[in-house]
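Enquirer:
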Amino acid sequence: MRHTISVLVENEFGVLSRVSGLFSGRGFNIESLCVAETMDPQVSRMTIVTSGNDQIIEQILKQLNKLIPVLKVIDFTGVDTVDRELVLVKVNADGDGKQEVLRLVDIFRARIVDVAPRCYTIEMTGGEGKVLAFLQMLRPLGIREIVRTGKIAVSRGM
Amino acid sequence: MQMTGAEIFVKALADLGVDVVFGYPGGATINIYDALFKNVKVRHMLCRHEQGAVHMADGYARASGRTGVCLVTSGPGATNTVTGLATAYMDSIPIVVFTGQVPTLLIGNDAFQEADIVGISRPCTKHNYLVKETKDLARIIKEAFYIASTGRPGPVLVDMPKDVLAASARYDLPKEVSLRGYRPTYEGHPRQVESAVRLLLSMERPVVYAGGGVILSNASGELAELSRALSLPVTTTLMGMGAFPGSDPLSLGMLGMHGTYAANMAISNSDVILAVGARFDDRVTGKVSEFAPHAKIIHVDIDPTSIQKNVRVDIPIVGDLKDVLRRMIKLVKGKKEATAYRGKTAAWRGQIASWAKTHPLTYKPSKGKIKPQYVVEQIHKLTKGKAIVATEVGQNQMWAAQFYNYEQPRTFLSSGGLGTMGYGLPAAIGAQVAMPGRLVVDIAGDGSIQMNIQELATAVQYRIPVKVVILNNGTLGMVRQWQELFFDGNYSQTCLPRIPDFVKLAEAYGAKGFRATKPEEVPEVLRKGFAADGPVLIDVITDPAEMVYPMVPAGAGLTEMLLV
Chain A
-6 MRHTISVLVE NEFGVLSRVS GLFSGRGFNI ESLCVAETMD PQVSRMTIVT
44 SGNDQIIEQI LKQLNKLIPV LKVIDFTGVD TVDRELVLVK VNADGDGKQE
94 VLRLVDIFRA RIVDVAPRCY TIEMTGGEGK VLAFLQMLRP LGIREIVRTG
144 KIAVSRGM
Chain B
24 MQMTGAEIFV KALADLGVDV VFGYPGGATI NIYDALFKNV KVRHMLCRHE
74 QGAVHMADGY ARASGRTGVC LVTSGPGATN TVTGLATAYM DSIPIVVFTG
124 QVPTLLIGND AFQEADIVGI SRPCTKHNYL VKETKDLARI IKEAFYIAST
174 GRPGPVLVDM PKDVLAASAR YDLPKEVSLR GYRPTYEGHP RQVESAVRLL
224 LSMERPVVYA GGGVILSNAS GELAELSRAL SLPVTTTLMG MGAFPGSDPL
274 SLGMLGMHGT YAANMAISNS DVILAVGARF DDRVTGKVSE FAPHAKIIHV
324 DIDPTSIQKN VRVDIPIVGD LKDVLRRMIK LVKGKKEATA YRGKTAAWRG
374 QIASWAKTHP LTYKPSKGKI KPQYVVEQIH KLTKGKAIVA TEVGQNQMWA
424 AQFYNYEQPR TFLSSGGLGT MGYGLPAAIG AQVAMPGRLV VDIAGDGSIQ
474 MNIQELATAV QYRIPVKVVI LNNGTLGMVR QWQELFFDGN YSQTCLPRIP
524 DFVKLAEAYG AKGFRATKPE EVPEVLRKGF AADGPVLIDV ITDPAEMVYP
574 MVPAGAGLTE MLLV
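Protein chains in written order, with my numbering: chain A, -6 to 151; chain B, 24 to 587.
1) Over the uninterrupted alpha helix (DSSP H) stretch that includes A/V12, give me the two end residues.
2) Terminal residues of the continuous alpha helix (DSSP H) containing B/K535?
3) Select from the region 187 to 204 of chain B all residues with a C-beta closer than 7 Å to any C-beta belonging to chain A, and list them in chain order.
4) Following the continuous alpha helix (DSSP H) through B/I164, name the residue where it begins and the one where it ends.
5) Please classify A/M151: is it buried, with 16 or more other beta-carbons within 10 angstroms of its beta-carbon, or exposed?
6) Going by C-alpha distance, which of B/G91, B/C147 and B/M68 is nearest A/Q15?
7) Taking 7 Å as the CB-CB limit, is A/G14 close to chain B?
8) Comparing C-alpha positions only, which one of A/P110, A/L26 and A/I139 sits nearest to A/T43?
9) Threshold first: 4 residues or longer. Then list the alpha helix (DSSP H) segments lying entirely within the region 281 to 318 of chain B, N to C.
10) For chain A, check one thing: does any of its Cβ atoms lie closer than 7 Å to the Cβ of B/Y145?
11) Under a CB-based cut-off of 7 Å, is B/H212 close to chain A?
12) Any idea which residues DSSP pairs B/G468 with across the strands?
13) Going along the chain, which residues of the region 53 to 82 of chain A sit with their C-beta nearer than 8 Å to a C-beta in chain B?
14) How many angstroms separate the CA atom of B/V336 from the CA atom of B/V295?
15) Give the straight-line distance between the Cα atoms of B/G107 and B/G500, rounded to the nearest whole angstrom.
16) Quick one: does B/Q418 have its CB under 7 Å from some CB of chain A?
17) Mind checking who A/A146 pairs with in its DSSP beta bridge?
18) So the beta strand (DSSP E) B/V43 belongs to, where does it begin and stop?
19) Who are the neighbours of B/T328 on chain A, taking C-beta pairs under 7 Å?
20) Are B/S243 and B/R175 closer than 7 Å when you measure CB to CB?
21) Quickly, what does DSSP pair B/K527 with across the bridge? List them, please.
22) Roughly how many angstroms separate the alpha carbons of B/H150 and B/S389, rounded to a whole number?
23) If contacts are defined as beta-carbon pairs under 8 Å, then B/A233 and B/L246 qualify, I think. What distance do you get, rounded to the angstrom?
24) Would a check of beta-carbon distances place B/Q124 closer than 7 Å to chain A?
25) Between the alpha carbons of A/F21 and B/M113, how many angstroms are there, rounded?
26) Beta-carbon separation of B/E287 and B/L581 under 7 Å?
27) Give the range of the beta strand (DSSP E) segment to which A/K65 is assigned.
28) Kindly indicate the opening and closing residues of the beta strand (DSSP E) around B/Q25.
29) Using a cut-off of 8 Å between C-beta atoms, extract the partners of B/K165 located in chain A.
30) Under a CB-based cut-off of 7 Å, is B/Q331 close to chain A?
31) Pick out whichever of B/V545, B/E530 and B/A480 has its Cα sitting closest to the Cα of B/R71.
32) Tell me where the alpha helix (DSSP H) around A/Q52 begins and ends.
33) Which of the three DSSP states, helix, strand or coil, is assigned to B/E248?
34) Enumerate in chain order the residues of its own chain whose CB-to-CB distance from B/Y364 is below 7 Å, with the five nearest sequence positions on each side excluded.
35) Using only the alpha-carbon positions, how far apart do B/M26 and B/A134 sit?
36) Which stretch, first to last residue, makes up the alpha helix (DSSP H) that contains B/N54?
Encoded structure:
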């Protein structure tokens, strides 16, 4: 099962390699990983999407907690969250395809951020389902490149 | 007060009560060596190889409970410590390894004697540091010792660039350490402890499974008190040897791959296991799916990651064993339930006693050839079970665990987790430095002794009177044993035909050498060797065909033991 884990860490050099080394050293899987500073500049937040059975997830959470620069570990499974990912896509835009791209951008509330003679670059944010659906719709038009940030998440309410 | 980084280093160690540093100098640490030269509080012992230095710090820590300290230079000096770090990490031993590093500006330049030791050692240390500014050095040293020695102990590495050691800063050693991301849990949850006691008392076939954590937490007294209050049979892991007195009637000896018949049968037929400071290692459980199929498991450990890692646990308790065992004792001692429980479990203890009687640890004595088990028994007899015993790794290690009765914690020093050949001699030296009044014996094999034999020079230089007994069978015995049992006797690369003359070798280093070739010579040669001053190497020519039994083949269930 997939889990989204939010990890608050000391904002210091080497923390990312401690976390990623833990995953690779113990054979855990990282599907995506996002890191940036929080409100407190001394603290960074990592959002990690991983998968495994209950025993593996329990080990991942415990092993993360065991790292000394790790301050807090939250598993968002079963927690009501808002999650988003940002995607930049370069897609073919010539002939009939151009209109279709524009329609899809409108439907998915995406934006065109760069225009070249036969290619648009689109910026889109959304939850996992929306991102996948958007990419699926664009695929027949000819995607040249996809860049994704990986998922970030925050719990709903207070 | 302004001081150089090197002076801060030496003063911080002195202020933290460090009495000895095991090390080896080099370009990146030369400033520290200059500061050490002018200092009288911290003694430096010059080893012959950095791996030896780390194992010495490790042996020092295991024997004394104090944190061991090691100082090496950058590059190869640092990379040579990796095996020692991994050894200490696997066995949770508190040591701090200080490495020199090239000047900050050269880091990443592939400079002379540069290695990214912080990157290299990350998976085999509890934590590590690269010191970037001289003003941080004292605080980091304080934190390193704190992290190494608290919670589940382990090695910490501190990497110090040469310019950081040369520059000056104010000496400011903090009194307290505050790390918001590191707060070990010491107190066991009271309700979990109560549930554990209730579960234990509701069952009829209990076993205590005690590991190295009991020794690390200095909880041997509490373990003995609880076990005796409830007449609980106790089996220990290799790392737990000495955690519970081997001569106690409740002691079943070691369990696992080379454990006793009684211990493996007891754990396999138990209905409740109280696991304390142990981690269900594969050498203990055998085939996990067949491990203790009828038992409910209570697992007490200070490290939450150890719990539910290899086996399902019914009652997990995170906490310091000393605290948890004390609470358990309080709940049962002198209570009438305890008396009733001892009555209810008497039949079970009778069953265990009969297992122990039908299949004790044994070997077939021989008139012509020296049996290694006999040598270990004779060492036990001669030292009255009071020596500190270090071991190498392999058959010698297993026989040392099986045929010497360990009565006290911190008397059996062995690389259990990593299985590091070459550990014993330097560990024995470190232990002897920590405990100058004790008799320290390294039970070695002819293979592993050669992996760090150079440390004999260290022992001779500092007159460290360790006694090394080599069970010399001319083979890499444990691998040979597997080849004998599972690979049709194809002894591929396990014969050591060019073994040096260890007596002459000892003499070449300036130590004393003795040899026994016949069984009847053993007691006298051991007596003479142990009575001699200074470091001694005793070469005992043993039967190469002898194997370690019982043995649970890798991947088999614990009850599928090969017996003598």
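We treat Cβ as the ideally placed atom computed from N, Cα and C, and that holds for glycine.
Expert: Reading it off the structure:
1) If you number the first sequence from 1, residue 12 of chain A lands on position 19. Here the alpha helix (DSSP H) through A/V12 covers V8 to G18.
2) Here residue 535 of chain B corresponds to residue number 512 of the second sequence, with the count starting at 1. Careful: B/K535 lies outside any alpha helix (DSSP H), inside the beta strand (DSSP E) at K535 to A539.
3) Here the close residues are L202, R203 and G204.
4) As a first step, residue 164 of chain B is located in the second sequence; it is residue number 141 there, counting from the start. In the DSSP assignment, B/I164 falls within the unbroken alpha helix (DSSP H) covering L160 to S172.
5) Sequence index remark: in the first sequence, residue 151 of chain A carries index 158 (1-based). So A/M151 counts as exposed.
6) Stepping through the first sequence from its first residue, residue 15 of chain A is reached at position 22. The residue you asked about is not Gln; residue 15 of chain A is Leu in the sequence shown. It is B/C147 whose Cα lies nearest to the Cα of A/L15.
7) Taking the first sequence and counting its residues from 1, one reaches residue 14 of chain A at position 21. Interface residue, yes.
8) Along the first sequence, one-based indexing puts residue 43 of chain A at 50. Residue A/L26 holds the alpha-carbon nearest to the alpha-carbon of A/T43 among A/P110, A/L26 and A/I139.
9) The region 281 to 318 of chain B contains, as complete alpha helix (DSSP H) runs of 4+ residues, the segments 284 to 292 and 305 to 308 (chain order).
10) Within the second sequence, numbered from 1, the residue matching residue 145 of chain B stands at position 122. Sequence check: residue 145 of chain B is Arg here, not Tyr. True, the Cβ-Cβ gap to chain A drops below 7 Å.
11) As a first step, residue 212 of chain B must be located in the second sequence, where it is residue number 189. False, the Cβ-Cβ gap to chain A never drops below 7 Å.
12) By 1-based counting over the second sequence, the position of residue 468 of chain B is 445. Per DSSP, B/L494.
13) Residues are counted here when their Cβ sits less than 8 Å from a Cβ of chain B; for the region 53 to 82 of chain A these are K55, Q56, N58, K59, L60, I61, P62, V63 and L64, given in chain order.
14) Numbered from its first residue, the second sequence carries residue 336 of chain B at position 313. Numbered from its first residue, the second sequence carries residue 295 of chain B at position 272. Cα atoms of B/V336 and B/V295: separation of roughly 11 Å, rounded to the nearest angstrom.
15) Sequence index remark: in the second sequence, residue 107 of chain B carries index 84 (1-based). Sequence index remark: in the second sequence, residue 500 of chain B carries index 477 (1-based). The C-alpha of B/G107 lies about 23 Å from the C-alpha of B/G500.
16) On the second sequence, position 395 is the one that residue 418 of chain B refers to. False, the Cβ-Cβ gap to chain A never drops below 7 Å.
17) What you label residue 146 of chain A is simply residue 153 of the first sequence in a count that begins at 1. Paired residue(s): A/D76.
18) Taking the second sequence and counting its residues from 1, the one referred to as residue 43 of chain B is at position 20. Here the beta strand (DSSP E) through B/V43 covers V43 to G46.
19) Translated into positions along the second sequence, residue 328 of chain B becomes position 305. Those are Q52, K55, Q56 and K59, listed as they occur along chain A.
20) By one-based count along the second sequence, residue 243 of chain B stands at place 220. By one-based count along the second sequence, residue 175 of chain B stands at place 152. No, they are not a contact pair.
21) On the second sequence, residue 527 of chain B is found 504 positions in, with the first residue counted as 1. Beta-bridge pairing links B/K527 to no other residue.
22) Numbered from 1 along the second sequence, position 127 holds the residue referred to as residue 150 of chain B. Numbered from 1 along the second sequence, position 366 holds the residue referred to as residue 389 of chain B. The alpha-carbon separation between B/H150 and B/S389 amounts to approximately 51 Å.
23) Taking the second sequence and counting its residues from 1, the one referred to as residue 233 of chain B is at position 210. Taking the second sequence and counting its residues from 1, the one referred to as residue 246 of chain B is at position 223. With 8 Å as the limit, B/A233 and B/L246 qualify as a contact, their Cβ atoms being about 6 Å apart.
24) By 1-based counting over the second sequence, the position of residue 124 of chain B is 101. Chain A, which has no Cβ nearer than 7 Å to the Cβ of B/Q124, makes this no.
25) Position 28 of the first sequence, counted from the start, is the residue given in the question as residue 21 of chain A. Position 90 of the second sequence, counted from the start, is the residue given in the question as residue 113 of chain B. C-alpha separation (whole angstroms): 20 Å.
26) Locating residue 287 of chain B in the second sequence gives position 264, where the first residue counts as 1. Locating residue 581 of chain B in the second sequence gives position 558, where the first residue counts as 1. Note on residue identity: the sequence assigns Asn, not Glu, to residue 287 of chain B. Here B/N287 is near B/L581, since their CB atoms are less than 7 Å apart.
27) Working through the first sequence from its first residue, we reach residue 65 of chain A at position 72. Judged by DSSP secondary structure, A/K65 falls within the beta strand (DSSP E) whose first and last residues are V63 to D68.
28) The residue given as residue 25 of chain B occupies position 2 in the second sequence. Here the beta strand (DSSP E) through B/Q25 covers Q25 to T27.
29) Numbered from its first residue, the second sequence carries residue 165 of chain B at position 142. Identification of chain A residues near B/K165 by a Cβ-Cβ cut-off of 8 Å yields none; the smallest Cβ-Cβ distance measures about 14 Å.
30) Here the question's residue 331 of chain B lines up with position 308 in the second sequence. Between B/Q331 and chain A, the shortest Cβ-Cβ separation is below 7 Å.
31) The residue given as residue 71 of chain B occupies position 48 in the second sequence. Among B/V545, B/E530 and B/A480, the Cα nearest to that of B/R71 is on B/A480.
32) In the first sequence, residue 52 of chain A corresponds to position 59, counting from 1. D47 to K59 is the span of the alpha helix (DSSP H), which, as asked, contains A/Q52.
33) As a working note, residue 248 of chain B is residue 225 in the second sequence. In the structure shown, B/E248 adopts helical secondary structure according to DSSP, grouped into three states.
34) Position 341 of the second sequence, counting from 1, holds the residue named residue 364 of chain B. Result list for B/Y364: L224 and L253, in chain order.
35) The residue labelled residue 26 of chain B in the question sits at position 3 within the second sequence. The residue labelled residue 134 of chain B in the question sits at position 111 within the second sequence. Note on geometry: alpha-carbon atoms of B/M26 and B/A134 lie some 27 Å from one another.
36) As a working note, residue 54 of chain B is residue 31 in the second sequence. B/N54 -> alpha helix (DSSP H) spans I53 to F60.
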